[in-house]
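Below is one structure, written out as structure tokens, with a few remarks after it.
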Ligand SMILES: Nc1ncnc2c1ncn2[C@@H]1O[C@H](COP(=O)(O)OP(=O)(O)OP(=O)(O)O)[C@@H](O)[C@H]1O
Ligand SMILES: Nc1ncnc2c1ncn2[C@@H]1O[C@H](COP(=O)(O)OP(=O)(O)OP(=O)(O)O)[C@@H](O)[C@H]1O
Ligand SMILES: [Mg+2]
Ligand SMILES: [Mg+2]
């Protein structure tokens, strides 16, 4: 067995089976399809591409705390099974994508949420201006807060989540420079359990509520479920993240208290990427999906933003026109 | 708390006793089979085809790329297993391998990114750094145990969490990680210098890590220390009976400190192959749970360097080939955890049953031989009278 | 027991110094701590340490740890070390959420306990019947059960996506009720707001207990107290403890040691299961992979911390729950905690000085000074350290006070019937 | 096989003694009677009815109670908890049970405090708790397995008084002992077993100690008789002003050794007499460097070793025969040759430099096995598979192989069969003639008197009395051990002479035995 590679016998069958159709391989981060959040959004884009573009797809997901080599192996397996393009969901794949892409220059790769100076040209980065959407969330929060006291809960104090915090604070301050913003991070890297522990989210939210905050934005994966519950049970406003939390079955009970969600339209990015590839002019380099490109937006479910819509529109206008510059790291 | 030392070696003749070999092999083989059966049932009940699933795993595990991955992973698991086993051999339950490993590799990555010496100095420097940091972190638990009577079980659990905090603290950009990272969303140290790279072997199946030789060296040293040195004798004696060791003149306190530190030093090396052979930086995507895998591997390998090699290989094979399950047939790869769990439990039960049987046989033999001696003595006496 | 002479009676000599922890001393210590915290609250203007919400959250965070620890206590009192608590907790999270979703959360709690008990049964089978090393069995269980739960979740909940299930989480179950004592709660909240020295602090603490308290917290408290009575005041408990102290002696008096060990380990699993069900039915409303996050181990630590006694266990898990929720609720509180600990260490140094233990006194004083300086020179504690607060505090407390601990004598030893020497 | 073809008939309301050498199978037989082990074949009848004893619970139900050779008590439980355990139905768990315990205790004058923790009790008290456990259950058949091994003579007398009282109430007592005069004093009937089978019965009214010895022993019956002094003038061990205080789990400090000073000269055996738990163990551990001292100095051969580690002391020439060989003397799970290394890992033939020398150790183990007559099929078997006496011989062989200057011997012949006993005494004596100093601790007062050159009595951590073995009887020594006598003890010359005569009779019996050897084999 030593000589043969695992892929020796199925490369032919894989690549040639559907000459007409594109085969898209998708590697999710932990949680995968059905995580009610980020990965799910990517999955929606993939489903859309399958329906509308008729592409073939296969999916695999990361395991908690797995080795770097497992990610590489996953990507390699997708490549050698004939999938092209291969989409990696989440910045944890950066190193693996770079490595596998260098070994397979003929295959196109996309990585979501990450970009690096050293990645080869067959890698496309699909990134989002989280700070812009969060800025709008900050505007909404500050406008809705009666106590002039709001809160931010980050799942893990990573660079990515700090962008959310930075935008949110800037947005809130733009409405009311004196507003008080509580900040809590549930864990710090390398402990990523903060994205995964609703109990922690609940406690953190309760702490902020007890201190007087009345609108709380949580960018904390499924820990956010806990904070939304805590906020709703006190009758205050919650702001969700990634997917529209008000439409999540798991949170339907608290719908009335979900002010909005800062939606990151990963599905749009994924769909656009696949479509461009199929159309023969693939996206390259770093493709940033910002507010203007509808990469990020505020969800409207429930219509709670109606009364402050003018303010949000104005802020949107200022951002898309470039008039407002939003920091990507929190001020303090 | 544990009975970490395998039963004594048998005599030369009995070591090659066919029945014994059969028994010794029967235990693990039966256990693996039993676990395969249990997992098959689980797969079948959930509407999956178990044969196909195992086929996927075996096909990948026997392909050259799968083999290389498995061997690389075995290297890591083996070192982790040795780290845990060293403590176990002295009845120390070092749950803290996890934290020691993370701190060790973080510091090695940092030093490697800051210093650029010729490879012959650089590589040993990084190894020593990792061992030193891992050893020192483990020593905290050792010191607390010896001087404050804190059970190493709790202190290492706490130290694992604290190690995570320390890593977080040091990884704040501008400290061990560069202020501006090349990779926008990830926090990680700068890559280690070129001279830090460890040699590797290119094969048809990919890159085989040269660190496997270091792992083998660790195993050889471990075995040699344990069976051939005075220190090793003291260590085993303490593991078998602390009271007897103390009465025999072993300085148990110093022994606890030393073995905790050595266990931690080995733990410090766990992340090195990944660092110096593959990723070249320390970041958030570091493999978690290696400490716990090490404990399982050590216990499965009965804390002996040879046994650990087999159990590390088995665990690595399962983990590596398990990644193929969702890709080829939509099998949840969690089935691998189930297999590992059942194997650990089945193997120890099987070993215990075999051990009991063996002990009984030995006692019977001793009894029979003594009776024969006594009879002979009586006969002699009568002749004399 | 190898010979009768190993146990050495302490007839010679007369007791010279006595420093036993009696009730009056404990109460005095509690009162002292309260005064200290109140004073710091008044001085810094931060009353977070005794806020009712903080107390409430601390209780909530303590429950899973205390229940896991109680599981450990039952099992170790019968002489079986249970490292597998973590795995049994996972069984509790899964079964609890599953039945909680299908039926209702009350039945879910029971199902969680049943799931944990099943894990306990496996541990009992392996350690008691087969006589395998307790640690090895526990490690195996910690691999096996989470694997099974994650696997089943992935397969089983595919049909429930519309209900909110995902690849690694279950659909949500309904909530269990919270208890508030109507008049008292408001009255106390009112007093708390005034920040009166000591009075408001006491009001905050009591308020936290009578406001919005999850029923499961009450159940947990009842179970801890009931365990004490069951284990220390009944025939059953005496027999069970005798199995952890000297199983051969128990056997020689006609006690069926295997039966009690089995019972204890299964009960141990049930408590761990309850801890898990709390996580998946109260802390969250659904099961999620990796939800327990090592709380089983922390529970074990809390039990050792509490000297294998229910009261001590409650204190240990309370301490952990307190610091854990403190850092989550308000990071500033951790900064204030620095001052509290610095002052406490200062007092400890004085006490050691008074008792002429000068080295310990000096060490305490240095630590106190260092912490005080840290407090004075900074505005906040760095985030990663905040997250580590509960672990650091537990370690420090253990380092100061772990020499008094006394595990059951036959804890972790493999017992075989009829092999008495 | 531990027992085969055993036939014993015990009449109601009698004290029936069971005798036999170590490992003869007495305990095994009793455990079978008590349901703790199952016989492969044979029957047990109680009051004429055949019974099945599957578990101790069955035996208890039938009114059988047993006091085991090794105590069966849970240290961390109180006296009443230990007594009530398993028999909770009788009188409940509360005040009624305690009252009942107190009542029985008063009735037999046992003086037991129900609320005391077992770990705070002395050996004699523990024994009384064991007896109380049985009485509490209203047993009418009482099995006592070597109850006198750890008692001083006065305590033995008290125990016998209790037994007679029980007998008067119709209780049947089965009593196991190695000590001839005890058996003759208390028993109504005697059965002797050897190598797991009954050898015969004897009537204590007519049988003599000598005849009994003949039935019982398959080897020479030894007694350590006094002999020429070999004491030389130079001091080997000096202990000055030793003080040790321990803090227990509750934080209570207890002084276990107080101002202990002694010296042992070259060629001298110093015997320490004392009831167990009076500080002997700590004295030994202090000399071995195993526990820290609060005050005092220890010198060996003129050199101060007060701060030396245990290993350094052993290298300097202290041999150690621990009181509990399983805890302190052996690695039970390790083969014999590794046990030969234990304690001497830094010395030849066990190691060369930092490396072990397994070949050398193996070879020397073989030599010890032959020279010391360790009965074993080989040196690769585990120490656990040897019988107690053979384990002890291995330990002694090991310690003697390094030419110690000082031998610390705690109960060197406890639990060892009579043949091995004589051999061990001879080993000690011959080394003593070459200048070995010995610190001897023993509960066997005959051994102590026979072997020592000087005797000191330890009581509550202090050396309170001393005696010349030539002029003291076991009874008077026992009195001093209970703290009732202090200073220099000298017995009535008549009593000393009588004791000497008894001892001589035993030896005579043994030497006679080898002459008319023929019928012993049955
Ligand atoms: N099931 C068995 N089969 C064979 N031999 C056994 C068995 N059980 C015990 N033995 C051995 O039989 C011998 C009898 O042991 P036992 O404890 O009954 O001796 P004893 O007469 O009480 O001696 P002692 O005077 O030392 O107490 C011992 O050597 C023991 O190890
Ligand atoms: N189940 C058994 N089957 C056969 N032989 C046994 C069994 N149990 C014990 N033995 C034998 O008993 C001997 C050791 O037993 P044990 O340690 O009880 O001896 P002992 O003389 O009573 O020692 P001690 O006085 O230290 O208690 C060995 O020869 C061993 O082979
Ligand atoms: Mg016996
Ligand atoms: Mg014996």
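Residue numbers (our numbering), protein chains in the order written: chain A, 1 to 332; chain B, 333 to 717; chain C, 718 to 1138; chain D, 1139 to 1660. Every residue, glycine too, gets a C-beta built ideally from N, C-alpha and C. Just so we're clear, the structure is a prediction, and the values are computed from it rather than from any experiment.
Cβ separation of residue i and residue j, assumed to be a contact under 8 Å, to the nearest whole Å
{"i": "residue 1417 of chain D", "j": "residue 1599 of chain D", "result": "4 Å"}
{"i": "residue 1597 of chain D", "j": "residue 1616 of chain D", "result": "With a Cβ gap of about 12 Å, residue 1597 of chain D and residue 1616 of chain D do not count as contacting."}
{"i": "residue 256 of chain A", "j": "residue 214 of chain A", "result": "No, residue 256 of chain A and residue 214 of chain A are not in contact; Cβ-Cβ is about 15 Å, not under 8 Å."}
{"i": "residue 784 of chain C", "j": "residue 995 of chain C", "result": "7 Å"}
{"i": "residue 587 of chain B", "j": "residue 566 of chain B", "result": "6 Å"}
{"i": "residue 528 of chain B", "j": "residue 458 of chain B", "result": "6 Å"}
{"i": "residue 326 of chain A", "j": "residue 135 of chain A", "result": "5 Å"}
Endpoints, beta strand (DSSP E) assigned at residue i
{"i": "residue 1069 of chain C", "result": "Counting along the chain, residue 1069 of chain C falls outside any beta strand (DSSP E), though it belongs to the alpha helix (DSSP H) covering 1048 to 1071."}
{"i": "residue 1593 of chain D", "result": "1592 to 1597"}
{"i": "residue 777 of chain C", "result": "Not the beta strand (DSSP E): residue 777 of chain C falls in the alpha helix (DSSP H), residues 769 to 794."}
{"i": "residue 123 of chain A", "result": "123 to 128"}
Reference residue i; option with closest CA among the options
{"i": "residue 1108 of chain D", "options": "D/1369, D/1270, D/1254, D/1378", "result": "A question about residue 1108 of chain D goes unanswered here, because the residues of chain D that appear run from 1139 up to 1660."}
{"i": "residue 925 of chain C", "options": "C/860, C/775, C/1066, C/867", "result": "C/775"}
{"i": "residue 155 of chain A", "options": "A/128, A/186, A/204, A/91", "result": "A/186"}
{"i": "residue 1574 of chain D", "options": "D/1181, D/1370, D/1342, D/1340", "result": "D/1370"}
{"i": "residue 545 of chain B", "options": "B/671, B/697, B/406", "result": "B/406"}
Local Cβ density within 10 Å of residue i, reported as buried at 16 or more and exposed below that
{"i": "residue 1475 of chain D", "result": "buried"}
{"i": "residue 1272 of chain D", "result": "buried"}
{"i": "residue 1663 of chain D", "result": "One cannot answer for residue 1663 of chain D here, as it falls past the ends of chain D, which runs 1139 to 1660."}
{"i": "residue 821 of chain C", "result": "exposed"}
{"i": "residue 950 of chain C", "result": "exposed"}
{"i": "residue 747 of chain C", "result": "exposed"}
{"i": "residue 1275 of chain D", "result": "buried"}
{"i": "residue 1068 of chain C", "result": "exposed"}
{"i": "residue 580 of chain B", "result": "buried"}
{"i": "residue 740 of chain C", "result": "exposed"}
{"i": "residue 556 of chain B", "result": "exposed"}
{"i": "residue 894 of chain C", "result": "exposed"}
{"i": "residue 140 of chain A", "result": "buried"}
{"i": "residue 1571 of chain D", "result": "exposed"}
Extent of the continuous alpha helix (DSSP H) to which residue i belongs
{"i": "residue 297 of chain A", "result": "Here residue 297 of chain A belongs to no alpha helix (DSSP H); instead the beta strand (DSSP E) covers 296 to 298."}
{"i": "residue 384 of chain B", "result": "382 to 394"}
Which residues, in chain order, does the region 1213 to 1231 of chain D contribute to contact with chain C at a C-beta distance below 9 Å? 1213, 1214, 1215, 1219, 1220, 1222, 1223, 1224, 1225, 1226, 1227, 1230, 1231
Beta carbons nearer than 8 Å to chain B: which residues of the region 1011 to 1029 of chain C have them? 1011, 1014, 1015, 1017, 1018, 1021, 1022
Closer than 7 Å, Cβ to Cβ, to anything on chain C: give me those residues from the region 646 to 662 of chain B, in chain order. none
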